[in-house]
Amino acid sequence: MSSFKTTLRAVCAAALSTMVEARSELPLSSTDPKASLKEDTEVTFDPLGVAAVLHNPRANNSAAMLYTQSDHGIFTWPHTMMIGGTLPAMKMLVDHLTEEMKSTHPAITMCAQITTMLPVRSDVSGSVFRELPLDSSNAWLNHVVSFKASPKPGNDFAVVCVDGIREDVHVRKQRVKDTIGSLRWWIATLTLDLISLLNGLMMVTGLVMGVLVADIWAAVLFFLYWCHWLGTMLISFQSMVQKDKPHINKDERPRYAIYQRKEGGTVIFKGRQDQLEDWARSTWEYRPRLDKNCLHWMWITTGTLSAFCSVACMVNMRSYMQLGFLGVLVYASLAEILAIRISRSLQKKAKGDDIHEAYVLESETRSKAIIRATLEIKRTCRLEGLNWIELNLLPPMFVFEEMQKVL
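Under our numbering, the first residue of the sequence shown carries the number 124, and numbering increases by one thereafter.
Structure, rendered in C-alpha coordinates:
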(Lines of atoms letter the chains of each structure in order from A and count residues from 1; the text may use other names and numbers.)
(Lines give C-alpha, C1' and ligand atoms only; values in the text may rest on other atoms or scores of the structure.)
Protein backbone atom coordinates (compact mmCIF):
# COMPACT_ATOMS: atom_id res chain seq x y z
CA MET A 1 0.00 0.00 0.00
CA SER A 2 2.83 2.37 0.92
CA SER A 3 4.58 1.60 -2.41
CA PHE A 4 1.37 2.51 -4.30
CA LYS A 5 1.09 5.86 -2.52
CA THR A 6 4.73 6.56 -3.21
CA THR A 7 4.24 5.88 -6.94
CA LEU A 8 1.08 8.09 -7.10
CA ARG A 9 2.89 10.97 -5.41
CA ALA A 10 5.74 10.66 -7.91
CA VAL A 11 3.31 10.77 -10.89
CA CYS A 12 1.45 13.82 -9.50
CA ALA A 13 4.71 15.61 -8.82
CA ALA A 14 5.91 14.95 -12.39
CA ALA A 15 2.61 16.20 -13.86
CA LEU A 16 2.68 19.35 -11.73
CA SER A 17 6.26 20.13 -12.72
CA THR A 18 5.33 19.67 -16.42
CA MET A 19 2.40 22.11 -16.12
CA VAL A 20 4.55 24.71 -14.39
CA GLU A 21 7.21 24.38 -17.06
CA ALA A 22 4.65 24.69 -19.90
CA ARG A 23 3.04 27.74 -18.30
CA SER A 24 6.40 29.43 -17.96
CA GLU A 25 7.23 28.81 -21.65
CA LEU A 26 3.81 29.58 -23.30
CA PRO A 27 2.56 33.21 -23.36
CA LEU A 28 -0.86 32.39 -21.93
CA SER A 29 -3.08 35.25 -20.84
CA SER A 30 -3.96 35.54 -17.20
CA THR A 31 -7.36 37.02 -18.07
CA ASP A 32 -10.35 35.59 -19.93
CA PRO A 33 -10.67 36.49 -23.68
CA LYS A 34 -13.34 39.05 -24.59
CA ALA A 35 -15.08 39.51 -27.97
CA SER A 36 -14.95 42.95 -29.61
CA LEU A 37 -16.30 44.45 -32.88
CA LYS A 38 -13.90 45.87 -35.44
CA GLU A 39 -15.09 49.02 -37.16
CA ASP A 40 -14.59 48.81 -40.95
CA THR A 41 -14.45 52.24 -42.61
CA GLU A 42 -13.73 50.95 -46.16
CA VAL A 43 -16.20 52.14 -48.82
CA THR A 44 -17.80 49.28 -50.78
CA PHE A 45 -20.05 49.15 -53.83
CA ASP A 46 -21.72 45.78 -53.24
CA PRO A 47 -25.32 46.87 -54.01
CA LEU A 48 -24.26 48.25 -57.39
CA GLY A 49 -23.30 44.76 -58.54
CA VAL A 50 -26.87 44.22 -59.75
CA ALA A 51 -26.26 46.90 -62.40
CA ALA A 52 -24.55 44.26 -64.54
CA VAL A 53 -27.74 42.19 -64.72
CA LEU A 54 -30.35 44.94 -64.97
CA HIS A 55 -32.80 44.64 -67.86
CA ASN A 56 -31.62 46.83 -70.73
CA PRO A 57 -33.53 46.88 -74.05
CA ARG A 58 -30.50 48.37 -75.76
CA ALA A 59 -28.50 45.27 -74.80
CA ASN A 60 -31.06 43.03 -76.53
CA ASN A 61 -30.89 45.17 -79.65
CA SER A 62 -27.09 45.17 -79.57
CA ALA A 63 -26.91 41.38 -79.20
CA ALA A 64 -29.28 40.94 -82.15
CA MET A 65 -27.15 43.28 -84.28
CA LEU A 66 -24.10 41.23 -83.27
CA TYR A 67 -25.72 38.02 -84.50
CA THR A 68 -27.10 39.48 -87.74
CA GLN A 69 -24.23 41.79 -88.81
CA SER A 70 -26.54 43.04 -91.57
CA ASP A 71 -23.94 45.52 -92.84
CA HIS A 72 -20.95 43.20 -92.65
CA GLY A 73 -18.42 44.51 -95.16
CA ILE A 74 -19.37 48.13 -94.51
CA PHE A 75 -18.74 48.03 -90.76
CA THR A 76 -18.61 45.50 -87.93
CA TRP A 77 -21.05 46.00 -85.09
CA PRO A 78 -19.33 45.88 -81.66
CA HIS A 79 -21.44 44.37 -78.87
CA THR A 80 -20.06 45.86 -75.65
CA MET A 81 -20.20 44.54 -72.08
CA MET A 82 -22.75 47.20 -71.12
CA ILE A 83 -25.30 47.22 -68.31
CA GLY A 84 -27.38 44.08 -68.88
CA GLY A 85 -25.11 43.03 -71.74
CA THR A 86 -24.86 39.41 -70.59
CA LEU A 87 -28.60 38.86 -70.14
CA PRO A 88 -29.34 38.04 -73.83
CA ALA A 89 -26.81 35.19 -73.64
CA MET A 90 -28.35 33.85 -70.43
CA LYS A 91 -31.85 34.06 -71.89
CA MET A 92 -30.80 32.09 -74.97
CA LEU A 93 -29.28 29.39 -72.75
CA VAL A 94 -32.53 29.17 -70.80
CA ASP A 95 -34.45 28.95 -74.08
CA HIS A 96 -32.23 26.08 -75.21
CA LEU A 97 -33.05 24.18 -72.02
CA THR A 98 -36.77 24.95 -71.80
CA GLU A 99 -37.97 25.79 -75.31
CA GLU A 100 -40.73 23.48 -76.47
CA MET A 101 -40.45 24.48 -80.15
CA LYS A 102 -37.05 22.99 -80.91
CA SER A 103 -37.42 23.97 -84.59
CA THR A 104 -37.05 27.67 -83.70
CA HIS A 105 -33.49 28.52 -82.74
CA PRO A 106 -33.19 30.88 -79.74
CA ALA A 107 -31.03 33.21 -81.84
CA ILE A 108 -33.94 33.63 -84.26
CA THR A 109 -36.26 34.29 -81.33
CA MET A 110 -33.90 36.99 -80.07
CA CYS A 111 -33.77 38.70 -83.47
CA ALA A 112 -37.54 38.44 -83.89
CA GLN A 113 -38.13 40.11 -80.54
CA ILE A 114 -36.33 43.28 -81.61
CA THR A 115 -38.09 43.34 -85.00
CA THR A 116 -40.90 45.89 -85.23
CA MET A 117 -43.80 44.77 -87.40
CA LEU A 118 -45.41 47.80 -89.05
CA PRO A 119 -49.14 47.27 -89.76
CA VAL A 120 -49.78 48.48 -93.29
CA ARG A 121 -52.44 48.66 -95.94
CA SER A 122 -50.97 47.75 -99.29
CA ASP A 123 -51.71 46.74 -102.84
CA VAL A 124 -48.73 44.37 -102.87
CA SER A 125 -49.70 40.95 -104.26
CA GLY A 126 -53.37 41.81 -104.15
CA SER A 127 -53.32 43.26 -100.61
CA VAL A 128 -52.08 39.98 -99.14
CA PHE A 129 -49.37 41.44 -96.92
CA ARG A 130 -50.51 43.35 -93.85
CA GLU A 131 -47.17 43.88 -92.08
CA LEU A 132 -43.64 44.98 -92.93
CA PRO A 133 -40.67 44.07 -90.67
CA LEU A 134 -38.45 46.92 -89.49
CA ASP A 135 -35.15 45.67 -88.06
CA SER A 136 -31.40 46.21 -88.18
CA SER A 137 -31.20 45.26 -91.86
CA ASN A 138 -33.32 48.27 -92.88
CA ALA A 139 -32.61 50.62 -89.99
CA TRP A 140 -31.95 53.43 -92.50
CA LEU A 141 -35.75 53.78 -92.65
CA ASN A 142 -36.02 54.67 -88.95
CA HIS A 143 -35.71 58.41 -89.52
CA VAL A 144 -38.53 58.28 -92.07
CA VAL A 145 -40.84 56.22 -89.87
CA SER A 146 -40.20 58.55 -86.92
CA PHE A 147 -40.37 61.82 -88.88
CA LYS A 148 -41.33 64.97 -86.97
CA ALA A 149 -44.96 65.82 -87.64
CA SER A 150 -46.61 69.24 -87.82
CA PRO A 151 -49.24 70.55 -85.36
CA LYS A 152 -51.80 68.76 -87.58
CA PRO A 153 -50.18 65.32 -87.84
CA GLY A 154 -53.26 63.64 -89.30
CA ASN A 155 -52.63 65.38 -92.63
CA ASP A 156 -48.85 64.77 -92.74
CA PHE A 157 -47.30 62.33 -95.22
CA ALA A 158 -43.79 60.91 -95.45
CA VAL A 159 -43.06 59.13 -98.73
CA VAL A 160 -39.97 56.98 -99.25
CA CYS A 161 -38.93 54.91 -102.25
CA VAL A 162 -37.62 51.51 -101.13
CA ASP A 163 -36.33 50.07 -104.40
CA GLY A 164 -33.15 48.14 -103.72
CA ILE A 165 -34.25 46.99 -100.27
CA ARG A 166 -31.69 44.16 -100.48
CA GLU A 167 -28.74 45.60 -102.37
CA ASP A 168 -25.38 43.88 -102.69
CA VAL A 169 -23.03 44.83 -99.86
CA HIS A 170 -20.22 45.72 -102.29
CA VAL A 171 -22.48 48.24 -104.03
CA ARG A 172 -23.44 49.84 -100.72
CA LYS A 173 -19.83 49.89 -99.50
CA GLN A 174 -18.68 51.70 -102.62
CA ARG A 175 -21.57 54.14 -102.27
CA VAL A 176 -20.49 54.98 -98.72
CA LYS A 177 -16.96 55.74 -99.91
CA ASP A 178 -18.29 57.87 -102.77
CA THR A 179 -20.62 59.75 -100.42
CA ILE A 180 -18.38 60.59 -97.46
CA GLY A 181 -14.95 59.70 -98.82
CA SER A 182 -12.69 56.74 -98.10
CA LEU A 183 -10.90 58.52 -95.23
CA ARG A 184 -14.06 59.35 -93.26
CA TRP A 185 -15.39 55.83 -93.85
CA TRP A 186 -12.11 54.38 -92.55
CA ILE A 187 -12.20 56.61 -89.45
CA ALA A 188 -15.81 55.61 -88.72
CA THR A 189 -15.14 51.88 -89.01
CA LEU A 190 -11.91 52.21 -87.02
CA THR A 191 -13.83 53.94 -84.24
CA LEU A 192 -16.28 51.04 -84.04
CA ASP A 193 -13.40 48.55 -83.90
CA LEU A 194 -11.57 50.54 -81.21
CA ILE A 195 -14.72 50.64 -79.07
CA SER A 196 -14.68 46.85 -78.91
CA LEU A 197 -10.89 46.51 -78.53
CA LEU A 198 -10.80 49.03 -75.69
CA ASN A 199 -13.57 47.11 -73.94
CA GLY A 200 -11.50 43.92 -74.17
CA LEU A 201 -8.37 45.74 -72.97
CA MET A 202 -10.28 46.86 -69.88
CA MET A 203 -11.16 43.23 -69.12
CA VAL A 204 -7.53 42.13 -69.44
CA THR A 205 -6.38 45.02 -67.24
CA GLY A 206 -8.92 44.07 -64.57
CA LEU A 207 -7.79 40.44 -64.74
CA VAL A 208 -4.11 41.37 -64.31
CA MET A 209 -4.88 43.77 -61.46
CA GLY A 210 -6.94 41.10 -59.70
CA VAL A 211 -4.02 38.68 -59.89
CA LEU A 212 -1.47 41.26 -58.71
CA VAL A 213 -3.49 42.29 -55.64
CA ALA A 214 -4.44 38.65 -54.92
CA ASP A 215 -8.16 39.37 -55.33
CA ILE A 216 -9.35 36.00 -56.63
CA TRP A 217 -12.97 37.20 -56.93
CA ALA A 218 -12.02 40.10 -59.19
CA ALA A 219 -9.72 37.88 -61.26
CA VAL A 220 -12.49 35.33 -61.83
CA LEU A 221 -15.05 38.00 -62.76
CA PHE A 222 -12.82 39.82 -65.24
CA PHE A 223 -11.62 36.51 -66.71
CA LEU A 224 -15.19 35.37 -67.44
CA TYR A 225 -16.07 38.74 -68.94
CA TRP A 226 -12.94 38.58 -71.07
CA CYS A 227 -13.95 35.12 -72.33
CA HIS A 228 -17.40 36.48 -73.16
CA TRP A 229 -15.83 39.42 -74.98
CA LEU A 230 -13.57 37.02 -76.92
CA GLY A 231 -16.64 35.06 -78.03
CA THR A 232 -18.25 38.33 -79.09
CA MET A 233 -15.23 39.23 -81.21
CA LEU A 234 -15.19 35.84 -82.94
CA ILE A 235 -18.92 36.02 -83.68
CA SER A 236 -18.61 39.50 -85.19
CA PHE A 237 -16.56 38.16 -88.11
CA GLN A 238 -19.63 36.52 -89.65
CA SER A 239 -23.43 36.68 -89.75
CA MET A 240 -24.82 34.03 -87.41
CA VAL A 241 -28.43 34.82 -88.36
CA GLN A 242 -29.37 35.87 -91.89
CA LYS A 243 -32.41 36.87 -93.90
CA ASP A 244 -33.78 34.09 -96.05
CA LYS A 245 -34.08 34.70 -99.78
CA PRO A 246 -37.47 33.55 -101.11
CA HIS A 247 -37.87 32.99 -104.83
CA ILE A 248 -39.84 35.95 -106.21
CA ASN A 249 -40.65 36.59 -109.85
CA LYS A 250 -39.40 39.86 -111.28
CA ASP A 251 -42.16 42.46 -111.34
CA GLU A 252 -41.37 46.16 -111.78
CA ARG A 253 -44.91 47.49 -111.38
CA PRO A 254 -45.11 50.27 -108.73
CA ARG A 255 -46.83 49.31 -105.50
CA TYR A 256 -47.52 51.04 -102.18
CA ALA A 257 -47.67 50.14 -98.50
CA ILE A 258 -49.19 52.69 -96.11
CA TYR A 259 -48.37 52.80 -92.41
CA GLN A 260 -50.52 55.06 -90.24
CA ARG A 261 -48.73 55.99 -87.02
CA LYS A 262 -50.59 55.97 -83.73
CA GLU A 263 -49.12 59.34 -82.79
CA GLY A 264 -50.28 60.85 -86.09
CA GLY A 265 -48.83 61.01 -89.56
CA THR A 266 -48.78 58.58 -92.47
CA VAL A 267 -45.70 56.85 -93.87
CA ILE A 268 -45.99 55.62 -97.45
CA PHE A 269 -43.50 53.09 -98.81
CA LYS A 270 -43.26 53.14 -102.60
CA GLY A 271 -41.45 50.46 -104.55
CA ARG A 272 -41.55 47.73 -107.13
CA GLN A 273 -43.86 44.78 -106.61
CA ASP A 274 -41.00 42.28 -106.28
CA GLN A 275 -39.02 44.52 -103.89
CA LEU A 276 -41.94 45.14 -101.52
CA GLU A 277 -42.93 41.47 -101.63
CA ASP A 278 -39.35 40.49 -100.81
CA TRP A 279 -39.43 42.85 -97.83
CA ALA A 280 -42.80 41.60 -96.60
CA ARG A 281 -41.82 37.92 -96.86
CA SER A 282 -38.36 38.25 -95.31
CA THR A 283 -37.71 36.23 -92.15
CA TRP A 284 -34.64 35.33 -90.09
CA GLU A 285 -32.92 31.97 -90.43
CA TYR A 286 -30.08 30.21 -88.61
CA ARG A 287 -28.10 27.76 -90.71
CA PRO A 288 -26.24 25.45 -88.30
CA ARG A 289 -22.58 24.69 -88.88
CA LEU A 290 -19.99 23.25 -86.52
CA ASP A 291 -18.06 26.50 -86.15
CA LYS A 292 -21.23 28.57 -85.70
CA ASN A 293 -22.60 26.17 -83.10
CA CYS A 294 -19.33 26.21 -81.14
CA LEU A 295 -19.21 30.01 -81.14
CA HIS A 296 -22.86 30.22 -80.17
CA TRP A 297 -22.48 27.88 -77.19
CA MET A 298 -19.26 29.59 -76.12
CA TRP A 299 -21.00 32.97 -76.16
CA ILE A 300 -24.11 31.95 -74.22
CA THR A 301 -22.14 29.86 -71.67
CA THR A 302 -19.59 32.54 -70.85
CA GLY A 303 -22.34 35.15 -70.81
CA THR A 304 -24.40 33.16 -68.32
CA LEU A 305 -21.41 32.56 -66.03
CA SER A 306 -20.51 36.25 -66.24
CA ALA A 307 -24.05 37.27 -65.28
CA PHE A 308 -24.04 35.03 -62.19
CA CYS A 309 -20.55 36.09 -61.12
CA SER A 310 -21.38 39.77 -61.54
CA VAL A 311 -23.31 39.64 -58.28
CA ALA A 312 -21.48 36.84 -56.45
CA CYS A 313 -17.99 38.24 -57.04
CA MET A 314 -18.89 41.89 -56.51
CA VAL A 315 -19.86 41.13 -52.90
CA ASN A 316 -16.38 39.77 -52.13
CA MET A 317 -14.19 42.01 -54.29
CA ARG A 318 -12.11 44.87 -52.95
CA SER A 319 -13.72 48.28 -53.21
CA TYR A 320 -11.37 49.70 -55.84
CA MET A 321 -11.82 46.59 -57.99
CA GLN A 322 -15.59 46.98 -57.63
CA LEU A 323 -15.28 50.58 -58.77
CA GLY A 324 -13.16 49.51 -61.73
CA PHE A 325 -15.77 46.95 -62.82
CA LEU A 326 -18.55 49.54 -62.57
CA GLY A 327 -16.42 51.87 -64.67
CA VAL A 328 -16.24 49.20 -67.39
CA LEU A 329 -20.05 48.91 -67.40
CA VAL A 330 -20.47 52.67 -67.66
CA TYR A 331 -17.91 52.95 -70.48
CA ALA A 332 -19.55 50.12 -72.43
CA SER A 333 -23.02 51.64 -72.06
CA LEU A 334 -21.87 55.07 -73.27
CA ALA A 335 -19.78 53.56 -76.07
CA GLU A 336 -22.84 51.68 -77.35
CA ILE A 337 -24.68 54.99 -77.81
CA LEU A 338 -21.78 56.34 -79.88
CA ALA A 339 -21.62 53.09 -81.88
CA ILE A 340 -25.32 53.17 -82.75
CA ARG A 341 -25.04 56.76 -84.01
CA ILE A 342 -22.05 55.91 -86.20
CA SER A 343 -23.66 52.75 -87.58
CA ARG A 344 -26.93 54.48 -88.46
CA SER A 345 -25.04 57.24 -90.21
CA LEU A 346 -23.12 54.68 -92.27
CA GLN A 347 -26.34 52.83 -93.11
CA LYS A 348 -27.91 56.03 -94.42
CA LYS A 349 -24.80 56.92 -96.41
CA ALA A 350 -24.88 53.44 -97.93
CA LYS A 351 -28.11 54.49 -99.67
CA GLY A 352 -26.39 57.55 -101.13
CA ASP A 353 -26.61 61.28 -100.56
CA ASP A 354 -30.07 61.56 -102.05
CA ILE A 355 -32.36 59.03 -100.41
CA HIS A 356 -35.61 59.11 -102.34
CA GLU A 357 -37.85 60.53 -99.64
CA ALA A 358 -40.26 63.44 -99.42
CA TYR A 359 -42.46 65.02 -96.78
CA VAL A 360 -45.84 66.71 -97.07
CA LEU A 361 -46.49 68.74 -93.92
CA GLU A 362 -48.93 71.37 -92.64
CA SER A 363 -51.76 70.59 -95.06
CA GLU A 364 -55.16 71.98 -94.11
CA THR A 365 -57.07 68.88 -95.19
CA ARG A 366 -56.22 65.29 -96.02
CA SER A 367 -57.41 65.68 -99.60
CA LYS A 368 -54.99 68.61 -100.10
CA ALA A 369 -52.19 66.49 -98.67
CA ILE A 370 -53.01 63.73 -101.17
CA ILE A 371 -52.98 66.23 -104.05
CA ARG A 372 -49.63 67.66 -102.94
CA ALA A 373 -48.14 64.15 -102.53
CA THR A 374 -49.26 63.26 -106.05
CA LEU A 375 -48.24 66.44 -107.90
CA GLU A 376 -45.89 68.55 -105.79
CA ILE A 377 -43.08 66.38 -104.40
CA LYS A 378 -40.08 64.95 -106.29
CA ARG A 379 -41.07 62.73 -109.19
CA THR A 380 -39.57 59.49 -107.83
CA CYS A 381 -41.80 59.74 -104.74
CA ARG A 382 -45.07 60.89 -106.32
CA LEU A 383 -48.08 58.74 -105.46
CA GLU A 384 -49.12 57.92 -109.00
CA GLY A 385 -51.76 55.23 -109.34
CA LEU A 386 -52.40 54.82 -105.60
CA ASN A 387 -56.04 53.81 -105.06
CA TRP A 388 -56.90 55.47 -101.75
CA ILE A 389 -60.52 54.33 -101.76
CA GLU A 390 -59.72 50.67 -102.46
CA LEU A 391 -57.30 50.64 -99.52
CA ASN A 392 -59.97 52.19 -97.27
CA LEU A 393 -57.92 55.33 -96.77
CA LEU A 394 -60.68 57.54 -98.17
CA PRO A 395 -64.46 57.06 -97.99
CA PRO A 396 -66.14 55.86 -101.23
CA MET A 397 -67.72 59.24 -101.97
CA PHE A 398 -68.28 60.66 -105.44
CA VAL A 399 -66.01 63.66 -104.86
CA PHE A 400 -63.07 61.48 -103.85
CA GLU A 401 -63.63 59.06 -106.71
CA GLU A 402 -63.50 61.95 -109.18
CA MET A 403 -60.42 63.38 -107.46
CA GLN A 404 -58.61 60.05 -107.91
CA LYS A 405 -59.51 59.98 -111.62
CA VAL A 406 -58.17 63.49 -112.12
CA LEU A 407 -54.95 62.74 -110.26
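We put the CB at the ideal spot given by N, CA and C, even for glycine. Since this is a predicted model, take the numbers as computed values, not measurements.
Please determine, among ASN261, SER260 and SER245, the residue with the shortest C-alpha to C-alpha distance to GLU254. In terms of CA proximity to GLU254, SER245 leads the group ASN261, SER260 and SER245.
Along the chain, where does the alpha helix (DSSP H) containing LYS531 start, and where does it finish? With the chain represented from 124 up to 530, any question about residue 531 goes unanswered, as that position is not in the structure.
Report all residues from its chain with a CB closer than 7 Å to the CB of PRO229; omit the five preceding and five following residues, and keep chain order. For PRO229, where only same-chain residues beyond five positions count, the Cβ hits under 7 Å are MET215, ASP218, HIS219 and GLU222.
Unbroken beta strand (DSSP E) runs of length 3 or more, entirely within the stretch 237-292: which are they? The stretch 237-292 contains these whole beta strand (DSSP E) runs: 239-242, 254-257 and 280-284.
Any 3 or more C-beta pairs closer than 8 Å across the stretch 367-380 and the stretch 325-341: Not touching, per the Cβ criterion.
Near PHE523, what residues of its chain come up, given a Cβ to Cβ distance below 8 Å and the 5 sequence neighbours on each side ignored? The answer, listed in chain order, is SER490, TRP511, ILE512 and LEU517.
Given ASN515, which residues of its chain have a CB within under 8 Å of its CB, disregarding the five upstream and five downstream residues? The residues ARG244, in chain order, have a CB closer than 8 Å to that of ASN515 in the same chain once the five nearest residues on each side in sequence are set aside.
State the DSSP-derived secondary structure class of GLU524, mapped to helix, strand or coil. Of the three classes helix, strand and coil, the one that applies to GLU524 here is helix, per DSSP.
Closer than 8 Å is the cut-off here; do at least three beta carbon pairs connect the stretch 310-320 with the stretch 454-474? Touching, per the Cβ criterion.
Residues in its own chain within less than 7 Å of THR425 by CB, not counting five upstream and five downstream? The residues LEU347, CYS350, HIS351 and GLY354, in chain order, have a CB closer than 7 Å to that of THR425 in the same chain once the five nearest residues on each side in sequence are set aside.
Cβ separation of GLY196 and VAL176, assumed to be a contact under 8 Å, to the nearest whole Å: About 34 Å; that fails the 8 Å criterion.
In terms of residues, what are the limits of the beta strand (DSSP E) holding ALA481? 480-483 is the span of the beta strand (DSSP E), which, as asked, contains ALA481.
Alpha carbon of GLU400 to alpha carbon of GLU485, nearest angstrom: Rounded to whole angstroms, GLU400 to GLU485 spans 32 Å at the Cα level.
Using DSSP's beta-bridge definition, name the partner residues of GLU408. GLU408 pairs with GLN365.
Going by C-alpha distance, which of VAL451, PHE431 and VAL364 is nearest MET213? Nearest Cα to MET213 within the set VAL451, PHE431 and VAL364: PHE431.
Just checking my contact of ALA496 with VAL282 at CB under 8 Å: how many whole Å lie between their CB atoms? About 6 Å separates the CB atoms of ALA496 and VAL282; that is less than 8 Å, so the two are in contact.
Name the DSSP bridge partner or partners of PRO377? PRO377 is bridged by DSSP to ARG395.
C-alpha distance - ASN265 paired with LEU257, whole-angstrom precision: For ASN265 and LEU257, the distance between alpha carbons rounds to 8 Å.
Classify ARG295: buried if its beta carbon has 16 or more other beta carbons within 10 angstroms, exposed otherwise. Only buried fits ARG295, as 16 or more other CB atoms lie within 10 angstroms of its CB.
Inside the stretch 295-364 only - alpha helix (DSSP H) runs reaching at least 4 residues: Entirely contained in the stretch 295-364, the alpha helix (DSSP H) runs reaching 4 residues are, in chain order, 305-335 and 339-358.
Just grab the DSSP bridge partners of GLN383 for me. DSSP lists THR389 as partners of GLN383.
Give a yes or no on contact between the stretch 301-308 and the stretch 412-421, applying the rule of three or more CB pairs nearer than 8 Å. The stretch 412-421 and the stretch 301-308 do not touch, with fewer than three beta-carbon pairs separated by less than 8 Å.
Comparing alpha-carbon positions, which option in GLY450, GLN445 and GLY387 lies nearest SER273? Cα-wise, what sits closest to SER273 is GLY387.
Tell me the rounded alpha-carbon separation between MET526 and VAL483. Going by the C-alpha atoms only, they are around 18 Å apart.
For PRO201, name the three-state secondary structure that DSSP assigns. Taken through DSSP and simplified to helix, strand or coil, PRO201 comes out as coil.
Take TRP402 as the anchor and find which of ASP286, SER466 and LYS474 has the nearest alpha-carbon. When each option's Cα is compared against that of TRP402, the closest is ASP286.
Backbone CA spacing between ILE500 and ILE494 [nearest angstrom]: Going from the Cα of ILE500 to the Cα of ILE494 covers about 10 Å.
By Cβ distance below 8 Å, which residues in the same chain neighbour MET356 in space, the five residues on each side in sequence not counted? Excluding residues within five positions, the ones whose Cβ falls inside 8 Å are SER319 and GLY323.
Counted within 10 angstroms of its Cβ, other Cβ atoms place PRO242 as buried (16 or more) or exposed: Only exposed fits PRO242, as fewer than 16 other CB atoms lie within 10 angstroms of its CB.
Identify, in the order they occur along the chain, each residue of the same chain with its Cβ nearer than 6 Å to the Cβ of MET444, setting aside the five sequence neighbours on each side. If the five residues before and after MET444 are omitted, its C-beta is found closer than 6 Å to the C-beta atoms of ASP338 and ALA341, all from its own chain and listed in chain order.
Using DSSP with H/G/I as helix, E/B as strand and the rest coil, what is TRP422? Helix.
Status (buried if at least 16 other CB within 10 Å, exposed otherwise) for THR488: Exposed, since its Cβ has fewer than 16 Cβ neighbours within 10 Å.
How long is the line joining the alpha carbons of ALA235 and TRP407, rounded to whole angstroms? Those two C-alpha atoms are separated by around 8 Å.
Using alpha carbons as the reference points, say which of THR314, ASP397, PHE448 and HIS479 lies closest to PRO369. The alpha carbon of PRO369 has as its nearest neighbour, out of THR314, ASP397, PHE448 and HIS479, the alpha carbon of ASP397.
For TYR190, collect the residues of the same chain with a Cβ closer than 8 Å to its Cβ; drop the 5 residues on either side in sequence, then sort them by chain order. Non-local C-beta neighbours of TYR190 in its own chain, meaning closer than 8 Å and more than five positions away in sequence, comprise ALA230, MET233, CYS234, ILE358, SER362, MET363 and VAL364, ordered along the chain.
Closest by C-alpha distance to MET440, when choosing among PHE345, ASP301 and PHE270: With distances taken between CA atoms, MET440 lies nearest to PHE345 out of PHE345, ASP301 and PHE270.
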